[in-house]
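Visitor: Chains as they are written, first to last, in my numbering: chain Y, 1 to 103; chain L, 1001 to 1178.
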Amino acid sequence: MTAPWVLDEDDALELLAYLVTAARTQVDEAAEYGPMRLLTAAHRLAEAMGPRSSAATAEALAGPLADMPLLAVPRERTEYVEQLDATCRSLAAHLSARYGAET
Amino acid sequence: MTDPVLDAIRRRRVTRAMTDEPVERAYVETILDAARWAPTAGNRHLQRYVATTHPGTLRVLRMVSPGMIPRPPAAIVICVDRGLSERYGFRPEAPGPWIDVGTATATILLAAQAVGLGAAPVSSFSHAAVAEALALPEGWDPVLIVCLGHPAPEQPRPISPNRRLTWRDLTQWVPGDV
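(1) Just list the beta strand (DSSP E) runs in the region 1081-1162 of chain L, keeping only unbroken ones of 3 residues or longer that don't cross its boundaries, in chain order.
(2) Give the C-beta separation of ALA1152(L) and MET1018(L) to the nearest angstrom, bearing in mind that I take them to be a contact with Cβ-Cβ under 8 Å.
(3) Reducing DSSP to helix, strand and coil, say where ARG1048(L) ends up.
(4) Could you check if TRP1141(L) is buried or exposed, using at least 16 other CB atoms within 10 Å of its CB as the buried criterion?
(5) Could you check which residue in ALA48(Y), VAL20(Y), THR21(Y), THR103(Y) has the C-alpha nearest to that of GLU9(Y)?
(6) Determine, using beta-carbon pairs with one atom in the region 1098-1114 of chain L and one in the region 1153-1169 of chain L, whether at least three such pairs fall under 8 Å.
(7) What residues are listed by DSSP as bridge partners for VAL1014(L)?
(8) Does DSSP put VAL27(Y) in a helix, in a strand, or in coil?
(9) Using the Cβ count rule (16 or more neighbours within 10 Å means buried), how would you classify ASP1081(L)?
(10) Does any CB atom of chain L fall closer than 8 Å to the CB of ARG89(Y)?
(11) Give the C-beta separation of VAL1064(L) and SER1126(L) to the nearest angstrom, bearing in mind that I take them to be a contact with Cβ-Cβ under 8 Å.
(12) Give me the Cα-Cα distance between ILE1078(L) and ALA97(Y), rounded to the nearest whole angstrom.
(13) From the beta carbon of TYR99(Y), is the nearest beta carbon of chain L less than 8 Å away?
(14) What residues in the region 1109-1127 of chain L have a beta carbon less than 8 Å from any beta carbon of chain Y?
(15) I want to see whether chain Y comes within less than 8 Å of ALA1075(L), judged by CB atoms only; does it?
(16) Of all Cβ atoms in chain Y, is any one closer than 8 Å to the Cβ of ILE1069(L)?
(17) Taking its Cβ as the centre, do 16 or more other Cβ atoms sit within 10 Å of SER54(Y), making it buried, or is it exposed?
(18) Nearest-angstrom Cα distance between LEU1144(L) and ILE1076(L)?
(19) Output the boundary residues of the alpha helix (DSSP H) element that contains LEU45(Y).
(20) Step through the CB atoms of chain L and report whether any lies within less than 8 Å of the CB of TYR80(Y).
(21) Near GLU1138(L), which residues of its chain fall below 8 Å by C-beta distance, leaving aside the five closest residues on each side in sequence?
(22) With DSSP as the reference, identify every bridge partner of ALA1074(L), one or two as the case may be.
(23) For THR25(Y) and LEU1006(L), what's the separation of their Cα atoms in angstroms?
(24) For ILE1159(L), which residues in chain Y fall below 7 Å Cβ to Cβ?
(25) Expressed to the nearest angstrom, what Euclidean distance is found between the alpha-carbon atoms of ALA1026(L) and GLY1042(L)?
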């Protein structure tokens, strides 16, 4: 069985353009913008794929990632890292539940 | 002291979420007319403006502009005419023309507020991609995009400064503070 696509061509093109142009702008931008640009890409990917994802994935996308402020930069480093670690843990828990039993 | 200009300056905020409501072209033209009155070094007017309310063009602009948070129904791209700058004797890396983009941007942001629109300046975009998408004339360098639109009720939290700054934090009197 083929899994249904969670992005259509327009969604994918939008994300592709964002990533390529962000690589260029980051050459000239403040380093603290790097994590923010990656998280913006993640936000946009989550927004695009959420409606066509499985219920469990949609729930994971609506978790700590959605709570991560859109314009967060690591100025309050400790708080920022804690929030990002929580997002990573939540994602890992979903990935383990989805793929962990594979042999 | 209560002054409408000072009051507008203090109330202005960047609008990072905009509604789908179209922006009337007349508003954009009023804003462009205000920009024409922004101060420019030597009264040279090296800036050129590209305005659009075209949905497809705006969609492409946003796709190649990582710093563009809102989905604007209108935008003004402020360009520097490099050929004209060169004819005035500016070296390519000279900051003068960029400074004039700053004065134009400040004027546009306040003019947008005056006509009841929200505005968001965007400097993070691929200049090469924007020049291609807008089919800019040879030598026009896009330096800044100002998104225009009606503010959405909910706005993303702005990037928080390390601490709240006052003008005193940013200023040094000469000679010596009193």
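Cβ coordinates follow ideal geometry from the N, Cα and C atoms, glycine included. Only a predicted model underlies this, so the values are computations on that prediction, with no experimental measurement involved.
Guide: This is what the structure gives:
(1) 1118-1122, 1140-1149
(2) Numbered from 1 along the second sequence, position 152 holds the residue referred to as residue 1152(L). Numbered from 1 along the second sequence, position 18 holds the residue referred to as residue 1018(L). ALA1152(L) to MET1018(L), Cβ: 6 Å. Contact.
(3) The residue given as residue 1048(L) occupies position 48 in the second sequence. Looking at ARG1048(L) - three-state DSSP - the assignment turns out to be strand.
(4) The sequence position of residue 1141(L) within the second sequence is 141, counting from 1. Position check: residue 1141(L) holds Asp in this sequence, whereas Trp was assumed. Label assigned to ASP1141(L): buried.
(5) Sequence index remark: in the first sequence, residue 9(Y) carries index 9 (1-based). Checking every option, the nearest Cα to that of GLU9(Y) belongs to ALA48(Y).
(6) no
(7) By one-based count along the second sequence, residue 1014(L) stands at place 14. VAL1014(L) pairs with ALA1119(L).
(8) Taking the first sequence and counting its residues from 1, one reaches residue 27(Y) at position 27. Of the three classes helix, strand and coil, the one that applies to VAL27(Y) here is helix, per DSSP.
(9) As a working mapping, residue 1081(L) is identified with position 81 in the second sequence. Its Cβ being crowded by 16 or more others within 10 Å, ASP1081(L) is buried.
(10) Position 89 of the first sequence, counting from 1, holds the residue named residue 89(Y). Output row for ARG89(Y): interface = no.
(11) To locate residue 1064(L), count along the second sequence from 1; it is residue 64. To locate residue 1126(L), count along the second sequence from 1; it is residue 126. At roughly 5 Å, the Cβ-Cβ gap stays under 8 Å, so VAL1064(L) and SER1126(L) are in contact.
(12) Numbered from 1 along the second sequence, position 78 holds the residue referred to as residue 1078(L). Numbered from 1 along the first sequence, position 97 holds the residue referred to as residue 97(Y). Near 50 Å, if we compare the C-alpha coordinates of ALA97(Y) and ILE1078(L).
(13) The sequence position of residue 99(Y) within the first sequence is 99, counting from 1. So, not an interface residue.
(14) SER1124, PHE1125, SER1126
(15) Translated into the one-based positions of the second sequence, residue 1075(L) becomes position 75. No, ALA1075(L) does not count as interfacial toward chain Y.
(16) The sequence position of residue 1069(L) within the second sequence is 69, counting from 1. By this cut-off, ILE1069(L) is an interface position.
(17) If you number the first sequence from 1, residue 54(Y) lands on position 54. Its Cβ having fewer than 16 others within 10 Å, SER54(Y) is exposed.
(18) Counted from its first residue, the second sequence places residue 1144(L) at position 144. Counted from its first residue, the second sequence places residue 1076(L) at position 76. Between LEU1144(L) and ILE1076(L), the C-alpha separation is close to 8 Å.
(19) One-based indexing of the first sequence puts residue 45(Y) at position 45. It spans 33-49 - the alpha helix (DSSP H) in which LEU45(Y) sits, taken as one unbroken run.
(20) Counted from its first residue, the first sequence places residue 80(Y) at position 80. With 8 Å as the cut-off, TYR80(Y) does not count as an interface residue toward chain L.
(21) Numbered from its first residue, the second sequence carries residue 1138(L) at position 138. Excluding positions up to five away in sequence, the list reads GLY1083.
(22) Position 74 of the second sequence, counting from 1, holds the residue named residue 1074(L). Looking at the DSSP assignment, ALA1074(L) forms a beta bridge with LEU1148(L).
(23) Along the first sequence, one-based indexing puts residue 25(Y) at 25. Along the second sequence, one-based indexing puts residue 1006(L) at 6. Going by the C-alpha atoms only, they are around 34 Å apart.
(24) Position 159 of the second sequence, counted from the first residue, corresponds to residue 1159(L). By Cβ distance, chain Y contributes LEU71, VAL73.
(25) Here residue 1026(L) refers to the residue found at position 26 of the second sequence. Here residue 1042(L) refers to the residue found at position 42 of the second sequence. Their Cα atoms are separated by approximately 29 Å.
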